[in-house]
Amino acid sequence: MSFTSRFTLRRRGLAAAGTAAVLALTMAACGSSKDSSDSSKPGMHHGAASPSSSASGTPSMPGMDDGSMPGMGHGSTGDGLAGAKDGYKLSSGAGELTAGKDTAYPFTINGPDGKPVTGFAVDQTKRMHFYAIRSDLTGFQHVHPAMAADGTWTADLAALQPGSWRMFTSFTPDSGPGKGKDIVLSRAVTVPGDAKRTPLPAAATSAEVDGYTVTVKGDLMAGMAHPMTVDISKDGKPVTDLQPYLETYAHLTAFHEGDQAFAHLHPQTKVNGDKGGPELSFHTMLPKSGNWRLFLQFQTGGKLHTAALTLRVS
């Protein structure tokens, strides 16, 4: 073989190796960018935000999800708007609830075999997280239902205002085909009466609740994971006495304007006794552009506070 032929073969070999290396790096990058989403006795109501909850501040930039703290959900996908997923179904005969008084909402989670599931894993100290939100994103409630031996759950809800509501269930089966997988299911419920829609407060970076100021920082874009921080202060001073609530210093839930799509944002700040704050870190991914209503729950002095604000996601 001539020198020229050997040189040509050598160049072809190096080019093939380089192409393979680039392809491997591209595949690895694609794999790493894949999204992985979506304190009290059972049945107790937690921090409802009334339709008059206000937010103030300057307009914010866009959104984010996923955490690494013990007991926190990892890997739930979707927007939570489906009533059935992966063989699991939210079932309830209560399609209409009475307005203006505390009420009980019974339901079951039926498994792939059609029977009520009774085995659920503990997630953030609870086996079931239940959320109620009105179509105008007011009246937020986060409760932890009690389950009977036959798999029937009962969510005790504070008085609901007339209108269209959506009930969300967030859980993790601890057996069967869905074992270890975080699942969010929901269904619409009607509360009869004169429904008066409350306009969504304008996008803001801060909100006031019970004398506390909650400030959100982060440039968020739909479908992209970004860091986000929440600062909590009172009377102009940083708050450093946050207490653990559901294994973390803050529980953050978001709902999308228009369709009520659900997102649970996971904090990354490690818990160190009753010494939380003033800054809390979140790794956040909000899947859709538009306005999102955020509900931040945190605890001080044994009292749970719920701050609500609107974020605009581009």
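Per the numbering used here: the sequence shown = residues 13 to 326. Every residue, glycine too, gets a C-beta built ideally from N, C-alpha and C.
N- and C-terminal bounds of the beta strand (DSSP E) containing residue i
{"i": "residue 220", "result": "218–221"}
{"i": "residue 140", "result": "Here residue 140 belongs to no beta strand (DSSP E), and DSSP marks it neither H nor E."}
{"i": "residue 182", "result": "175–183"}
{"i": "residue 104", "result": "That residue, residue 104, is in no beta strand (DSSP E); it is neither H nor E in DSSP."}
{"i": "residue 239", "result": "238–246"}
{"i": "residue 198", "result": "195–203"}
{"i": "residue 309", "result": "302–312"}
{"i": "residue 298", "result": "Where residue 298 is concerned, there is no enclosing beta strand (DSSP E), given that its DSSP letter is neither H nor E."}
{"i": "residue 279", "result": "274–279"}
Beta-carbon proximity check, residue i vs residue j, cutoff 8 Å
{"i": "residue 196", "j": "residue 274", "result": "yes"}
{"i": "residue 200", "j": "residue 176", "result": "yes"}
{"i": "residue 292", "j": "residue 242", "result": "yes"}
{"i": "residue 254", "j": "residue 288", "result": "yes"}
{"i": "residue 307", "j": "residue 317", "result": "no"}
{"i": "residue 111", "j": "residue 172", "result": "yes"}
{"i": "residue 260", "j": "residue 239", "result": "no"}
{"i": "residue 165", "j": "residue 115", "result": "no"}
{"i": "residue 269", "j": "residue 248", "result": "no"}
{"i": "residue 151", "j": "residue 174", "result": "no"}
Own chain residues within Cβ distance below 6 Å of residue i, not counting five before or after
{"i": "residue 184", "result": "133, 135 and 194"}
{"i": "residue 141", "result": "182"}
{"i": "residue 43", "result": "In this prediction, residue 43 scores a pLDDT of 38, lower than 50, which makes its location untrustworthy; no coordinate-derived value is stated."}
{"i": "residue 321", "result": "67, 216, 219 and 306"}
{"i": "residue 191", "result": "185"}
{"i": "residue 139", "result": "132"}
{"i": "residue 283", "result": "256"}
{"i": "residue 146", "result": "175 and 177"}
{"i": "residue 209", "result": "148"}
Distance between beta carbons of residue j and residue i, contact taken as under 8 Å
{"i": "residue 271", "j": "residue 93", "result": "7 Å"}
{"i": "residue 167", "j": "residue 117", "result": "4 Å"}
{"i": "residue 162", "j": "residue 128", "result": "6 Å"}
{"i": "residue 156", "j": "residue 237", "result": "The Cβ separation is near 28 Å, so there is no contact."}
{"i": "residue 215", "j": "residue 149", "result": "That pair is no contact at about 13 Å."}
{"i": "residue 203", "j": "residue 109", "result": "5 Å"}
{"i": "residue 131", "j": "residue 187", "result": "5 Å"}
{"i": "residue 95", "j": "residue 198", "result": "7 Å"}
Under the three-state DSSP convention, the category residue i falls into
{"i": "residue 168", "result": "strand"}
{"i": "residue 211", "result": "coil"}
{"i": "residue 250", "result": "strand"}
{"i": "residue 156", "result": "coil"}
{"i": "residue 269", "result": "coil"}
{"i": "residue 287", "result": "coil"}
{"i": "residue 36", "result": "Unreliable placement is indicated for residue 36, whose pLDDT of 37 sits below 50; the coordinate value is still reported in the next sentence. In this structure, residue 36 counts as helix in the three-state DSSP scheme."}
{"i": "residue 149", "result": "coil"}
{"i": "residue 118", "result": "strand"}
{"i": "residue 232", "result": "coil"}
{"i": "residue 189", "result": "coil"}
{"i": "residue 320", "result": "strand"}
{"i": "residue 136", "result": "coil"}
{"i": "residue 111", "result": "coil"}
{"i": "residue 128", "result": "strand"}
{"i": "residue 282", "result": "coil"}
{"i": "residue 262", "result": "coil"}
{"i": "residue 161", "result": "coil"}
{"i": "residue 292", "result": "strand"}
{"i": "residue 96", "result": "strand"}
Same chain only: Cβ atoms within 7 Å of residue i, ignoring 5 sequence neighbours per side
{"i": "residue 298", "result": "75, 76, 232, 234, 266, 275, 304 and 325"}
{"i": "residue 221", "result": "317, 318 and 319"}
{"i": "residue 290", "result": "243, 244, 245, 250, 251 and 252"}
{"i": "residue 123", "result": "99, 100, 129 and 188"}
{"i": "residue 263", "result": "257 and 309"}
{"i": "residue 313", "result": "none"}
{"i": "residue 285", "result": "none"}
Residues near residue i in its chain [Cβ-Cβ closer than 8 Å; skip 5 each side]
{"i": "residue 315", "result": "222"}
Residue-chain proximity (residue i, chain C), Cβ-Cβ < 8 Å
{"i": "residue 230", "result": "Among the chains in the structure shown there is no chain C, since it carries only a single protein chain."}
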